[in-house]
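*Asks:*
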Amino acid sequence: MNLYEHTIVARQDTSPAQVKQLTEKYSKIVEKNDGEIVQTEDWGLLNLAYAIKKNKKGIYMHFKIKGSGKIIDELEKNEIIDKNLLRYMTVRVRKFDLEAKYFSQKNEHEKKEYKKDYNRD
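Residue numbers in the sequence shown follow this note's numbering, run continuously in steps of one, and reach 123 at the last position.
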């Protein structure tokens with residue numbers, strides 16, 4: 003079994019219900035092809051480095067997938083024709099990092115340090 007990290011970027015005007023629908027749609031494709039979704043993360047609305055199809059922001063969704071290469075082929079075949087998606091990317095990894103939350107809010111320690119520095123006289 004191969005391990006993959008798959009990220010998709012949806013248009014910024016996609017509703018939360020549509021985002022949930024997209025997540026379920028691509029999860030079902032993985033499961034239909036004998037794969038396993040290990041973890042799904044919704045990174046939310048983030049700025050793009052450059053405008054893509056007149057969008058300056060995008061809604062990011064990240065999947066950690068365990069399975070064969072044909073799963074990725076099937077995912078990308080469906081993503082090419084999906085009008086709600088701006089981009090997608092798949093990276094093969096050796097192991098998953100299931101603990102790090104790269105796009106979550108700052109942790110409590112960083113918040114306290116920021117407040118302490120900000121309140122200096």
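Positions of the beta carbon are idealized from the N, C-alpha and C atoms, including for glycine. Predicted, not measured: the structure shown is a model, and the values here were computed from it.
Name the DSSP beta bridge partners of F98, please?
*Replies:* DSSP, once it has assigned bridges, lists no residue as partnering F98.
*Asks:* Could you tell me which residues DSSP pairs with T16 in its beta bridges?
*Replies:* Per DSSP, none; premise fails for T16.
*Asks:* Indicate the three-state DSSP secondary structure (helix, strand or coil) for Y104 in the structure shown.
*Replies:* coil
*Asks:* Assuming N80 is part of the alpha helix (DSSP H), what are its boundary residues?
*Replies:* 71-83
*Asks:* Within 10 angstroms of the Cβ of L100, are there 16 or more other Cβ atoms? Answer buried if so, exposed if not.
*Replies:* exposed
*Asks:* Could you give the DSSP three-state label for V11: helix, strand or coil?
*Replies:* In the three-state reduction of the DSSP assignment, V11 falls in the strand class.
*Asks:* For the putative contact between E7 and H64, defined by C-beta atoms under 8 Å, what is the C-beta separation to the nearest angstrom?
*Replies:* 7 Å
*Asks:* Looking at C-alpha atoms only, which residue of E38, L5, K58 is the closest neighbour of N49?
*Replies:* Measuring C-alpha to C-alpha distances from N49 to each of E38, L5, K58 identifies K58 as the nearest.
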